[in-house]
Amino acid sequence: MTAKKYVVGITDHMIGMPDLEAEVLGDDVEIDFFASADETSFAPDRLTRLDALMVWGARLGEQSIRHLARCKGVVRYGVGYEKIDLAALDAAGIPFANNPDYGTEEVADHAIAMILSLHRRLWEHDARARGYSSGWQIHSLKPLPRSNRATVGVVGVGRIGTAVINRLKPFGFRILGYDPGQPPGHEKAIGYERPERLEELFAQSDIVTLHCPANAQTRGLLDVGGLARLKRGAIVVNTARGELIEDLDALEAALRSGQIAAAAIDTLLKEPPGDHPLLTAWRNREHWLAGRLVITPHNAFYSDHAAVEMRRNAARTVRLLLDEGKLRNQVTE
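906 is the number of the first residue of the sequence shown in my numbering; add one for each residue after it.
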């Protein structure tokens, strides 16, 4: 029997027990599975034993971090890290990594499905057809332009934004991309038009799809001011972070006024979502909103394959850290 050399903590988990992680981490690793997303339940004596910590949906703040005396690094299963106190980790000298190398295809496919269904107004057709008592082939939804007459603006042209662009090309959309983090010439290599300013993309795009992280520059990107700068009647798609559209009052006002024609959202600021008039209208399929707001429960990333990929990649990151002291995908504030 192999002696246990390391202890790796796993706070909580998306699916079942961490058997896949155990397979990747190896026989010399003891897994301490907390089985809780409640940070207040993380006992100090368990935290002090850890050589590494893996986190799914739990918050991780100073109250836990101060006990991670042996910890060589914290690895999050997912991409976002809004619940992780990076400043406290930095003060403790503990590096942090996220896990961006999974679900690219799934999120891109999800975004494309949202773009096409709202552009073709499928859900509005569906909602109206439910009420047809006479007649059937009714062409009452306008405008309904061809794809090759419409412009899609992609905000964030990293791995997922690029995958979205590649999927859009066969449909003939004009594609704009905005990402100040990409080097000059990136647009030529990938194949999109690159406006100088985000406002130009907003003004020209019939559809705006968000694929950027939530940070100081992007939080509230499409709140009152951002929504007002969009081309009137635009479609908004957000499969990135809920913080990009923080103000549901502004989103409701934009939908009611026709400033935006429709919106599709996979990530909300608060999950599960609480009560809000817009969400009530969506849940009740109120006539004014029918088919114009699509919400999916933060599962754009998910497929059977992506879930396995996510878990394996996160565990491999930890194994590399234990073996070589290297933390891939390290994030700094």
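Backbone N, C-alpha and C fix where the C-beta goes; we use that ideal spot for every residue, glycine too. Note that this is a predicted model, so its numbers are computed, not measured.
Setting aside the 5 residues that flank it on each side, D956 is surrounded in the same chain by Y911, V912, V913, R975, C976, K977 and L1227, each with a C-beta closer than 8 Å to its C-beta; the list follows chain order. Excluding sequence positions up to five before and after E1229, its CB lies less than 7 Å from no other CB in the same chain. Residue E926 holds the alpha-carbon nearest to the alpha-carbon of E935 among G1082, E926, N1053 and A942. When the five nearest sequence neighbours on each side are left out, the beta carbons in the same chain lying within less than 8 Å of the beta carbon of R951 are those of G914, D937 and F939, in order along the chain. Distances from the CA of Y986 to each of P1118, G1196 and A1219 were compared; the closest alpha carbon is that of P1118. For the stretch 1109-1191, the continuous alpha helix (DSSP H) assignments of 4+ residues that do not extend past its boundaries occur at 1129-1134, 1153-1162 and 1182-1188, in sequence order. Residue burial annotation: I1140 is buried, with at least 16 other C-beta atoms found within 10 angstroms of its C-beta.
Here the C-alpha atom of R971 lies approximately 7 Å from the C-alpha atom of A997. According to the DSSP assignment, V1057 belongs to the beta strand (DSSP E) that extends over T1056 to V1060. Here the alpha carbon of R1221 sits roughly 55 Å from the alpha carbon of Y1037. Across the set L1106, L1173, A1094 and G1086, the C-alpha of L1173 shows the shortest separation from the C-alpha of I1150. It is roughly 28 Å from the alpha-carbon of T1056 to the alpha-carbon of Y1207. Look at V984 here: in three-state DSSP terms it is coil, with no helix or strand label. Annotation for V1223: V913, L930, A957, M959 and V980 place their beta carbon closer than 7 Å to its own, counting only its chain and skipping 5 residues before and after.
The alpha helix (DSSP H) runs lying completely inside the stretch 920-1006 and spanning 4 residues or more are 924-930, 949-952, 967-970 and 991-997, given in chain order. Shown here, L1049 sits in coil according to DSSP, grouped into three states, outside any helix or strand.
Residue nearest to D1209 within the set Y1007, V1060 and A963 is Y1007 (criterion: CA-CA distance).
Judged by DSSP secondary structure, L1198 falls within the beta strand (DSSP E) whose first and last residues are L1198 to I1200.
Around the CB of H1192, fewer than 16 other CB atoms lie within 10 Å, so the residue is classed as exposed.
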